[in-house]
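Quick notes on the structure that follows.
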Amino acid sequence: DAKTTQPNSMESNEEEPVHLPCNHSTISGTDYIHWYRQLPSQGPEYVIHGLTSNVNNRMASLAIAEDRKSSTLILHRATLRDAAVYYCILRPNPLNNYKLTFGKGTLLTVNP
Amino acid sequence: GAGVSQSPRYKVAKRGQDVALRCDPISGHVSLFWYQQALGQGPEFLTYFQNEAQLDKSGLPSDRFFAERPEGSVSTLKIQRTQQEDSAVYLCASSLAFGQLNSPLHFGNGTRLTVT
């Protein structure tokens, strides 16, 4: 499986934007980029996914580099509730490879 | 709506005891996954079901671990003769359909197993 590299931790202030980077230099042309986050004492939660184009949803935005070797999850205004571990995961297509393989993720701390 | 439900939330077992962990997936979800998460690590894949069929059990760490989903809905993860290294959070996830492209996984809040 292609691997992702994320910083171990990042810090942000409440109500400021947060840019969480992810490197995936060995990504294949059919790999989708998925982001999940895990709040304390909870299971992971789906955030967003994309293939080539930038994506927006109610939770976040995903900016994908033109060569697809990196991506950035953008939280437009961080809140205390956004403090979590954020996982960047490559999900192969076709879906006969159904597993999500998690790394260690980025621990985001949000300061009030 | 109802999410993935796991029980018990916490389980303490003495070394050598058998334990059974239950997962109630979201109704209608075909795919069901079990993951193990050690402290400070990301979740690690254990096994995968499509309906009642266990299609992949490559992540089960030993033959003491057994999972079933007999009617294609509720699933049970059983650990026999528990060891201290089995202490972890066990997460269950379900997703709508195997063939639906990029169907997200919905996780429960896990069962925290402590083996003493």
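Just so you know, the protein sequences line up as chains A and B, in that order.
According to the numbering used here, the first sequence is numbered sequentially starting from 287.
According to the numbering used here, the second sequence is numbered sequentially starting from 257.
For glycine and all other residues, C-beta sits at the position ideal for the given N, C-alpha and C.
In this text, all values refer to a predicted model and were calculated from it rather than measured experimentally.
Exposure of residue i, with buried meaning 16 or more beta-carbon neighbours within 10 Å
| i | result |
| --- | --- |
| A:Arg344 | exposed |
| B:Asp319 | exposed |
| B:Gln340 | exposed |
| B:Tyr266 | exposed |
| B:Gly366 | buried |
| A:His305 | exposed |
Rounded Cβ spacing between residue i and residue j (contact assumed at less than 8 Å)
| i | j | result |
| --- | --- | --- |
| B:Ala323 | B:Ser329 | That pair is no contact at about 14 Å. |
| B:Leu363 | A:Gly329 | Before going further, note that residue 363 of chain B is Phe rather than Leu in the sequence given. Indeed, because the Cβ distance is near 3 Å, the residues count as touching under 8 Å. |
| A:Gly389 | A:Val371 | At roughly 10 Å, the Cβ-Cβ gap does not stay under 8 Å, so A:Gly389 and A:Val371 are not in contact. |
| A:Ala349 | A:Ile360 | 6 Å |
| A:Glu300 | A:Asn397 | 7 Å |
| A:His310 | A:Ser356 | 7 Å |
Simplified DSSP state of residue i, which is helix, strand or coil
| i | result |
| --- | --- |
| B:Asp274 | coil |
| B:Val268 | strand |
| B:Ser283 | coil |
| B:Gln297 | coil |
Requested in this report: For the region 291 to 333 of chain A, list the beta strand (DSSP E) runs that are entirely contained and at least 3 residues long, ordered along the chain.
Outcome: Whole beta strand (DSSP E) segments, 3+ residues: 295 to 299, 304 to 309 and 318 to 324.
Query - Ordered list of beta strand (DSSP E) runs contained in the region 303 to 372 of chain B, each at least 3 residues - result: Runs found: 309 to 312, 321 to 324, 331 to 335, 344 to 351 and 367 to 371.
Query raised in the report: Considering only residues of the region 333 to 397 of chain A, which uninterrupted beta strand (DSSP E) runs meet the minimum length of 3 residues and lie entirely inside it, listed in chain order?
Result: You should have 347 to 350, 356 to 361, 370 to 377 and 392 to 397.
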